[in-house]
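Report on one structure; see the data block that follows.
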Amino acid sequence: QEDHLFKDEPFTPTDWERHRSWRRHCPEPRIFARVFRMLSIVELWLVAVSTFVMLYAHFLQPKGWPQAVSKEYMIIFQLTSFALSLLMVFRTQTAHARWWEARTAVGRWLNVVRNTQRMLMSWVPPSEAHLVGEFARWNAVLTPAACAYLCRRQSYWEVCEDLLQPSELAWLRSCDNPPVKVLAIMSGLVKRTSLSQIERTAVEGELNAFDVALGACERITRQAIPMAYTRHTSRFIIVYLTFLPFALWPYVQWLLVPIIMVLGFLLVGIENIGVQIENPVRVLPMRRFCIGNRTAALSMVRHHGDVQHAIEAGLLAAAAAAAAAESPMAGMDGKGQ
Amino acid sequence: QEDHLFKDEPFTPTDWERHRSWRRHCPEPRIFARVFRMLSIVELWLVAVSTFVMLYAHFLQPKGWPQAVSKEYMIIFQLTSFALSLLMVFRTQTAHARWWEARTAVGRWLNVVRNTQRMLMSWVPPSEAHLVGEFARWNAVLTPAACAYLCRRQSYWEVCEDLLQPSELAWLRSCDNPPVKVLAIMSGLVKRTSLSQIERTAVEGELNAFDVALGACERITRQAIPMAYTRHTSRFIIVYLTFLPFALWPYVQWLLVPIIMVLGFLLVGIENIGVQIENPVRVLPMRRFCIGNRTAALSMVRHHGDVQHAIEAGLLAAAAAAAAAESPMAGMDGKGQ
Amino acid sequence: QEDHLFKDEPFTPTDWERHRSWRRHCPEPRIFARVFRMLSIVELWLVAVSTFVMLYAHFLQPKGWPQAVSKEYMIIFQLTSFALSLLMVFRTQTAHARWWEARTAVGRWLNVVRNTQRMLMSWVPPSEAHLVGEFARWNAVLTPAACAYLCRRQSYWEVCEDLLQPSELAWLRSCDNPPVKVLAIMSGLVKRTSLSQIERTAVEGELNAFDVALGACERITRQAIPMAYTRHTSRFIIVYLTFLPFALWPYVQWLLVPIIMVLGFLLVGIENIGVQIENPVRVLPMRRFCIGNRTAALSMVRHHGDVQHAIEAGLLAAAAAAAAAESPMAGMDGKGQ
Amino acid sequence: QEDHLFKDEPFTPTDWERHRSWRRHCPEPRIFARVFRMLSIVELWLVAVSTFVMLYAHFLQPKGWPQAVSKEYMIIFQLTSFALSLLMVFRTQTAHARWWEARTAVGRWLNVVRNTQRMLMSWVPPSEAHLVGEFARWNAVLTPAACAYLCRRQSYWEVCEDLLQPSELAWLRSCDNPPVKVLAIMSGLVKRTSLSQIERTAVEGELNAFDVALGACERITRQAIPMAYTRHTSRFIIVYLTFLPFALWPYVQWLLVPIIMVLGFLLVGIENIGVQIENPVRVLPMRRFCIGNRTAALSMVRHHGDVQHAIEAGLLAAAAAAAAAESPMAGMDGKGQ
Amino acid sequence: QEDHLFKDEPFTPTDWERHRSWRRHCPEPRIFARVFRMLSIVELWLVAVSTFVMLYAHFLQPKGWPQAVSKEYMIIFQLTSFALSLLMVFRTQTAHARWWEARTAVGRWLNVVRNTQRMLMSWVPPSEAHLVGEFARWNAVLTPAACAYLCRRQSYWEVCEDLLQPSELAWLRSCDNPPVKVLAIMSGLVKRTSLSQIERTAVEGELNAFDVALGACERITRQAIPMAYTRHTSRFIIVYLTFLPFALWPYVQWLLVPIIMVLGFLLVGIENIGVQIENPVRVLPMRRFCIGNRTAALSMVRHHGDVQHAIEAGLLAAAAAAAAAESPMAGMDGKGQ
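Protein chains in written order, with the working numbering: chain A, 39 to 375; chain B, 39 to 375; chain C, 39 to 375; chain D, 39 to 375; chain E, 39 to 375.
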């Protein structure tokens with residue numbers, strides 16, 4: 039299930055290179071086959087209808103059976119294509135907007151991880167390093183907890199299993215809302231530092247932003263596009279394609295079956311993509327985000343010493359340069375307050 | 039009335055599974071019948087017109103009565119379909135945007151419930167636990183109060199009847215704006231804690247966010263899409279479908295009635311969905327939100343002890359690991375401030 | 039002028055009920071007559087052109103006069119309808135977006151009224167109740183002042199005449215920017231309370247939000263959609279409808295005049311709605327907002343005692359329940375901090 | 039150059055009145071002539087091509103020269119009009135979105151001017167009035183400085199020449215980024231007041247908002263819509279109109295030249311508006327904004343005394359009313375804290 | 039690679055002048071050739087198919103080979119063009135929205151550079167000028183670091199090589215996330231100043247805003263538009279153009295090859311632009327942003343003295359004018375607090 043057909047992994051520069059060359063136009067039979075299999079029931083139905091229409095039009099109608107196949111019927115499909123178009127545009131744009139909103143919300147999580155960690159590491163005195171370490175640990179757990187909660191899939195806990203005591207893991211897995219618990223723990227840890235109220239409030243503001251971003255994902259995952267639209271679009275497209283052969287036979291004769299199959303693939307294919315990405319947490323690479331955010335939190339703690347070192351070295355060099363008064367950044371000594 | 043045809047309940051993973059399989063294309067006769075009954079007056083009108091056109095075209099026009107039915111008239115429908123299309127696109131997109139904005143605002147309420155509760159529980163000293171408990175109680179009442187106010191339906195109070203004294207309930211039900219009252223109570227409770235001004239202001243900021251989200255819902259519920267557009271769209275679609283038979287008869291002959299019925303169902307159906315979801319608080323699962331937000335507020339208080347326990351246990355384990363200096367999270371001891 | 043054809047009053051539940059039933063499709067002759075009168079000049083022009091075309095095509099062209107009427111010309115209208123469509127879509131969507139942005143900004147005013155009042159009433163000590171009362175009075179005046187300023191109509195002052203001293207009213211009416219003055223007064227009143235800087239800044243932040251929302255309305259009211267688009271759309275639609283009869287006559291013969299009238303009504307009608315709502319403060323129910331916001335401010339002060347009473351009673355009941363230890367909210371005593 | 043064809047001055051109520059009457063449909067020959075002159079090169083090219091096509095189709099093709107003009111070619115224009123439509127929709131919507139974003143950002147400047155001035159005047163003690171005066175002076179200079187910087191036109195300085203010492207003006211005119219300098223001066227002035235850190239930070243937040251709004255304008259002015267789209271749209275439209283006569287001749291015969299001219303005017307006209315408003319600071323009434331924002335800043339200082347007076351008078355009247363206990367605002371004495 | 043065909047450099051006033059004149063419609067053969075080369079594989083394929091169709095239709099079909107080329111097939115392309123249109127609209131709008139979002143986020147960086155620097159320079163006492171200088175140095179390094187990280191191209195470091203010690207440069211180049219390190223350094227420098235917590239938090243808020251804007255760029259660069267849409271669009275367009283000759287031959291005969299080439303160029307060209315700007319950091323002028331932001335940071339420090347001087351001079355002049363009491367800004371002394 040993890041190698042989902044509609045899952046989009048992060049793009050590397052190589053991916054982009056291929057993406058923008060003419061190679062993107064090459065057929066990919068393996069993917070085509072999988073998509074085709076996905077649409078096979080609809081295709082089967084369309085083939086059945088087309089075959090029936092061909093046989094009726096060729097054998098029965100000429101014998102005086104009631105006229106069911108006629109070039110004249112095409113006007114109806116021309117008149118209604120605007121409505122089909124509007125429903126498919128609506129589905130495409132709405133589904134993509136949901137997908138991108140979820141992606142944006144998940145991307146905001148990374149900002150919370152980095153910002154809270156940076157603020158804490160700048161502001162907390164060295165004597166409270168153990169609190170910063172604990173905070174980083176829970177910061178690294180936060181994204182997997184949110185993913186497990188959103189996707190209702192326990193497998194995301196694997197990403198942070200080594201960071202948690204077995205009892206902690208068991209407790210979180212049994213909670214009905216683990217990320218809210220983790221946020222409360224992070225909030226409690228900040229309260230135990232010697233940060234002032236104003237600093238604490240600033241960190242808490244970022245935790246609030248995480249909750250809001252989590253809420254956006256919850257909202258998208260729990261609330262589908264109004265079913266009435268989904269239903270109406272599906273009905274419209276199926277009715278349209280089912281009756282199209284009655285009008286199309288006189289134009290294309292024995293090519294009817296392949297043409298209807300191609301049309302069905304192209305039209306139902308568009309609707310199908312919109313339906314598949316409607317629940318974005320299923321197609322976004324959530325596991326990657328878990329690993330990435332975990333790495334971000336832990337690596338900031340690990341490199342804290344380097345950053346402090348860089349600050350010291352820079353200040354020393356600047357002082358030396360100021361003393362020598364022949365600094366290469368001559369422009370900057372004009373600030374002379 | 040609760041089992042409203044356009045009400046969209048939250049989706050479970052099972053719902054999503056069905057949603058993305060080919061089963062979404064299966065006809066649902068029960069729903070179809072209910073939608074059809076909803077549109078039956080319009081359908082009846084269209085059948086009447088079509089029947090009249092058929093009779094006139096078949097019996098009277100050939101006898102030299104004035105020509106009212108002609109293939110040539112089709113050009114008018116082809117020329118104007120772009121305008122009908124634009125009105126229906128406008129209705130669809132605007133109605134859905136309102137629906138989604140209301141859903142987003144209601145989702146923001148949950149964030150307020152969780153964020154205010156988390157901040158209070160982290161920041162208030164244990165000696166003021168009774169104030170936190172009271173705050174949680176009103177926090178749990180806030181969403182039902184907002185729903186009762188927005189939907190002008192007293193039944194939402196049932197969700198929190200057990201949390202309120204009879205006198206409180208009576209007072210709130212008699213208020214013209216209960217959620218504003220509840221927000222004022224929550225604000226007053228925060229003022230009575232020993233929180234500093236900066237902390238109090240941060241909590242108040244979230245209460246302000248609730249009021250803004252509530253205002254968004256009020257705005258959507260009180261102000262419909264400009265009636266001029268609604269009216270013009272309805273007139274356009276009815277005129278279009280009423281006169282279509284005069285042009286369509288020569289193309290489809292005796293199939294006119296079923297075809298007009300299908301066309302009417304598909305076109306008026308699109309407009310109808312847009313009208314039904316235009317007032318989103320009627321079709322969103324507000325009762326679920328009441329229950330969910332109530333649970334969120336109360337369960338955070340209930341699990342407050344667990345969170346405190348997890349913080350303590352984690353700090354102890356970290357201290358032990360630091361002492362043993364062989365911690366499995368070896369990377370993190372490089373932070374050495 | 040107050041019973042403006044495009045003015046949309048707030049919807050009540052009854053309005054919604056009618057709105058979503060089939061009754062919205064019923065013709066409303068009175069409104070139709072008023073809209074028709076609005077478009078009558080254009081209609082007159084179209085009737086004149088159509089009549090001329092009919093006479094020319096029937097009497098003169100057959101006699102060998104130059105060919106001006108031909109079925110072949112229809113191709114030009116088919117080719118260009120996409121451009122007309124795009125201009126009308128643009129007008130519809132832009133006008134509605136402006137209308138909704140203005141409505142949202144005006145809705146934000148109510149949030150400012152409620153939030154500032156709530157914050158003040160929670161935070162200011164009882165000894166400064168007179169300052170809160172004065173603040174509420176100016177809070178109630180704020181929205182009428184903003185409406186009088188935006189709509190350049192003095193009649194909005196009537197809403198708050200009883201709240202203002204004659205000298206105050208005279209002074210405000212003579213100001214070139216009354217809402218900015220009222221905001222300055224409110225800001226000055228807050229400064230005179232004993233609120234701390236942090237609390238004062240929070241209130242001031244909401245006053246800033248009012249100014250931003252006011253600025254949005256000013257921007258929309260002072261700056262129309264680029265005239266070039268408005269002009270081009272009008273020219274395009276008039277040229278299109280003026281020359282359409284030359285192509286349409288051979289298709290519809292003596293039905294030309296009614297058909298062109300209907301087409302003109304439908305197409306120019308769409309453009310006309312877009313133009314009418316382009317300046318939203320003229321069609322939004324501003325007087326209702328004035329009254330509503332006034333009521334919100336004053337009623338919060340009036341019910342302040344009830345809120346304080348509810349807080350006290352709730353805390354007492356909770357204390358009693360905690361003492362009895364058999365509270366019906368058993369879950370909440372598990373928080374045991 | 040100031041009377042730019044696409045410049046949109048602020049609308050007065052009278053403008054709106056004319057705008058929404060039928061008069062907007064009247065032709066404006068003077069403006070038409072100017073637009074036509076703007077498009078004259080394209081029109082000339084289209085006339086040349088049409089004339090060539092007419093001559094070829096009438097004289098040469100019948101003599102057996104290769105067939106270049108045929109009714110059959112029309113299908114190509116029908117097939118591709120959707121793509122031309124999409125490019126023109128894209129240009130129209132994107133150009134208008136940029137224009138409106140710039141207008142919104144410029145409108146935000148006014149809010150900054152008013153909000154910073156109000157906060158300062160409320161918060162700064164009377165003894166520091168000279169600092170407030172200086173702040174107002176620079177506040178009034180801020181918008182002209184931003185306009186001169188954005189439009190790279192020194193003439194905007196005239197608006198505030200009387201407010202600046204010659205040496206200040208000379209210095210600002212020589213800066214590469216004057217508004218950033220003015221913001222730094224305003225920030226420095228605030229630092230010299232006795233405002234607390236929290237108040238200073240709130241004012242600074244509004245200055246940040248000015249910088250962000252300025253950045254939005256810079257971004258729009260420096261970065262055009264991707265040239266590839268502009269180029270492709272222009273090429274598409276020119277190719278479309280250039281080859282259209284080859285298909286159109288058989289339909290319209292000797293009316294070809296006027297018809298192609300009208301089509302060219304309508305289609306290229308739409309693209310042209312999009313291009314002209316793509317750089318909004320050139321078509322927005324920037325000089326008006328300079329004057330308006332200057333007036334706003336200075337008049338707030340000028341009327342500061344009136345505001346203080348209104349506050350005092352109001353408090354006195356309320357005290358008197360409270361003493362008399364029969365105030366007409368009877369509802370408000372129920373707050374009884 | 040730097041002279042990328044789709045790279046859009048900042049527009050100067052001269053560029054705008056040319057842009058809005060008729061010259062934008064002139065063909066640019068050099069650019070045309072480069073675009074054509076880009077699409078040459080697709081064009082080659084289309085030429086091959088068209089040639090085959092021509093030969094088959096002219097030589098083989100008349101001899102009784104199966105009918106593969108027919109005017110009747112055109113109906114299929116007319117029916118499906120709405121779906122192709124919707125896919126191309128989706129690609130165009132989505133790609134442009136990503137491009138503009140990235141441009142906006144990058145523009146936000148400049149605001150952070152200017153705002154943090156201004157706040158620091160206003161607030162930090164002269165004795166800590168060395169910290170401000172160091173902050174400016176890292177502020178100037180921040181944008182190149184972000185660009186090197188986003189584009190995975192080390193060449194951006196050249197922009198700030200002279201500002202960094204070799205060891206600093208080496209360390210940053212080896213980091214996996216250099217901008218986060220630079221932000222941590224800047225945060226640490228602010229902590230070492232004597233700024234109060236509230237001031238520090240305000241600066242930190244802007245650093246958070248940089249992180250959020252960086253996150254937006256990361257999100258856009260790592261996550262492409264859902265591949266399913268890209269694939270479906272490409273397949274649809276190729277299938278459409280590949281089979282079009284079978285329907286088009288009877289209409290255009292021997293002009294088939296050039297017409298298909300032009301159609302291919304126009305349609306695939308639109309899709310191609312959308313694909314090329316899908317990853318905006320590759321086509322935006324990132325190097326310019328690096329240089330611009332570096333200049334902004336350093337020049338603010340360099341001109342700090344001028345700003346202080348301007349403040350002093352202005353205050354002195356105002357004091358003198360107040361003393362003389364005949365100031366030209368007579369209106370302002372009416373504030374008389």
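Backbone N, C-alpha and C define an ideal beta-carbon position, used for all residues, glycine too.
Taking Cβ to Cβ, would you say Leu201/D is nearer than 7 Å to Leu221/D? no
Name the chain C residues that come within less than 7 Å of Arg257/B, Cβ to Cβ? Arg141, Thr142, Gly145
Between the C-alpha atoms of Ser193/E and Thr259/E, what's the straight-line distance to the nearest angstrom? 18 Å
Assuming the contact rule is C-beta atoms closer than 8 Å, Val345/E and Lys219/D should be a hit. Round their C-beta distance to whole Å, please. 6 Å
Give me the subset of the segment 218-238 of chain D whose CB atoms are less than 7 Å from a CB atom of chain E, sorted by chain position. Val218, Lys219, Leu221, Ala222, Ile223, Ser225, Gly226, Leu227, Lys229, Gln235, Ile236
Contact belief for Val197/B with Arg62/B at Cβ below 8 Å, rounded distance in angstroms: Actually they do not touch by this definition, with Cβ atoms about 32 Å apart.
From Lys229/E to Ile349/A, what distance separates their C-alpha atoms? 11 Å
Rounded to whole angstroms, what's the CA-CA distance from Val300/A to Thr89/A? Just pull it up for me. 15 Å
Taking only the alpha-carbon atoms, compute the straight-line gap between Ser119/A and Glu110/B and give it to the nearest angstrom. 20 Å
Out of His347/A, Ala335/A, Ala106/A, which one is the CA nearest neighbour of Leu148/A? Ala335/A
Compute the Euclidean distance between the alpha carbons of Val127/C and Trp103/B, then round it to the nearest angstrom. 41 Å
So within the segment 179-258 of chain B, which uninterrupted alpha helix (DSSP H) runs reach at least 4 residues, ignoring any that extend past its ends? 204-212, 216-230
Counting only beta-carbon atoms, is Phe44/A nearer than 7 Å to chain B? no
Alpha-carbon to alpha-carbon, Leu43/A and Met92/A: 35 Å
Please report whether the beta-carbon of Gln314/E lies at a distance below 7 Å from any beta-carbon of chain A. yes
Taking buried to mean at least 16 other C-beta atoms within 10 Å of its own C-beta, is Arg332/B buried or exposed? buried
In the DSSP assignment, find the unbroken alpha helix (DSSP H) run with Cys64/D in it and report its ends. Run containing Cys64/D: none; DSSP gives neither H nor E here.
Near Arg156/D, which residues of its chain fall below 8 Å by C-beta distance, leaving aside the five closest residues on each side in sequence? Met338
Just tell me which of Glu166/A, Ile329/A, Leu293/A, Arg273/A has its CA closest to the CA of Ser108/E. Leu293/A
Could you list which residues in chain E have their beta carbon closer than 9 Å to that of Met324/A, in chain order? Simply none; closest approach about 12 Å.
Quick one: is Leu353/E near chain D, going by C-beta distance under 7 Å? yes
How many angstroms separate the CA atom of Cys255/D from the CA atom of Thr132/B? 29 Å
Taking all protein chains shown into account, decide if Lys45/B is buried (16 or more other Cβ within 10 angstroms of its Cβ) or exposed. buried
Where Val277/D meets chain E, residues with beta-carbon distance less than 8 Å: Val300, Leu304
Can you grab the Cα-Cα spacing for the pair Leu322/D / Ala266/C, in whole Å? 13 Å
So Pro182/C packs on Cys64/C, CB below 8 Å; how close in whole Å? About 37 Å separates the two Cβ atoms, so there is no contact after all.
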